[in-house]
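If you count by the UniProt record's numbering, then the sequence shown holds residues 1 to 179, one letter each, in order. Beta carbons are placed, not taken as given, at the ideal position from N, Cα and C, and that holds for glycine. Taking it in order: structure first as structure tokens, then the write-up.
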Amino acid sequence: MQKLVDMAAESGQAYLTCAFMFPSEHQTLDQYKKHAELFNRAGEACKKAGLQFAYHNHDFEFEKIDGQVPYDLLLAQTDKDLVKMELDLYWVAKSGNDALALFEKNPGRFPLWHVKDMDKTEKKFFTEVGNGSIDFKRIFAAAKTSGMEYYFVEQDVTPGNPLDSITTSYQNLSQVITA
């Protein structure tokens, strides 16, 4: 871990983010508790190097295990100053959760956002920002509560030309932010 922290600090990064847990690593609450401990240690190492540690969610963290939502466990068992969240708005919506509820319950924990939209079909697939079902105007209105510093428009899969898709997302999001 220290080598990654050192490399991130040397390259001038502000954040070091854990982007994913492998399926074999998120089957039990005990595994999530171990990740929370690891994230706190990573947060300490990052702090000493002048960085901030963050974790990027997907939808699996919102699937209950033994009656508990693992994402809630991660938030509760990590130090709010050492471990921030890179919130992927698509995966939160796809899991049936509300980003604003997370912001209200955990203010200031979400400085990084992945902004991508979910189409209006039964499959709930990716689509350009502004062409889907996520209410970004409502979410961006809560940016201060969330602690948002940076957002990243992300297009995992595109129906056509990726540059056309990202241009559409940019144009649509620009209208939301300036409205």
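Next on the checklist: From the DSSP secondary-structure annotation, give me the bridge partner or partners of V153.
Outcome noted: V115
Item to check | Of the listed residues E154, Y32, T121 and D98, nearest to residue 183 (C-alpha basis) | outcome: Nothing can be reported for residue 183, as the shown portion of the chain is limited to 1 through 179.
Checklist entry - When you compare only the Cα positions, how much space is there between F20 and L4? => result 16 Å
Item to check | Proximity below 8 Å, CB of K80 to CB of Q52 | outcome: Contact: no.
Checklist entry - Using the rule of at least 16 other Cβ atoms within 10 Å of the residue's Cβ for burial, across every protein chain shown, is E169 buried or exposed? => result In the sequence as displayed, the identity of residue 169 is Ser instead of Glu. Buried, by the Cβ-count rule.
Next on the checklist: Using 8 Å as the threshold, is the C-beta distance between A45 and Q13 below it?
Outcome noted: no
Next on the checklist: Can you tell me which residues form a DSSP beta bridge with D88?
Outcome noted: H114
Checklist entry - Helix, strand or coil for Q31 per DSSP? => result helix
Next on the checklist: Let me make sure I understand the geometry here. Which of P159, T145, K48 and L74 has the alpha-carbon closest to that of A26?
Outcome noted: Strictly speaking, residue 26 in this sequence is His, with Ala absent from that position. The shortest C-alpha separation from H26 is found at L74.
Checklist entry - Roughly how many whole angstroms lie between the Cα atoms of S95 and H56? => result 15 Å
Checklist entry - Along the chain, where does the alpha helix (DSSP H) that runs through A143 open and close? => result A143 to S146
Item to check | Contained beta strand (DSSP E) runs [length at least 3] in the segment 31 to 56, N- to C-terminal order | outcome: 52 to 56
Next on the checklist: Give me the residue from Y150, D156, V157 and A42 with the minimum Cα distance to W113.
Outcome noted: Y150
Item to check | C-beta atoms of N40 and L89 nearer than 8 Å | outcome: No; because the gap between Cβ atoms is not below 8 Å, this pair is not in contact.
Item to check | Contact check, F152 vs I177, beta carbons under 8 Å | outcome: no
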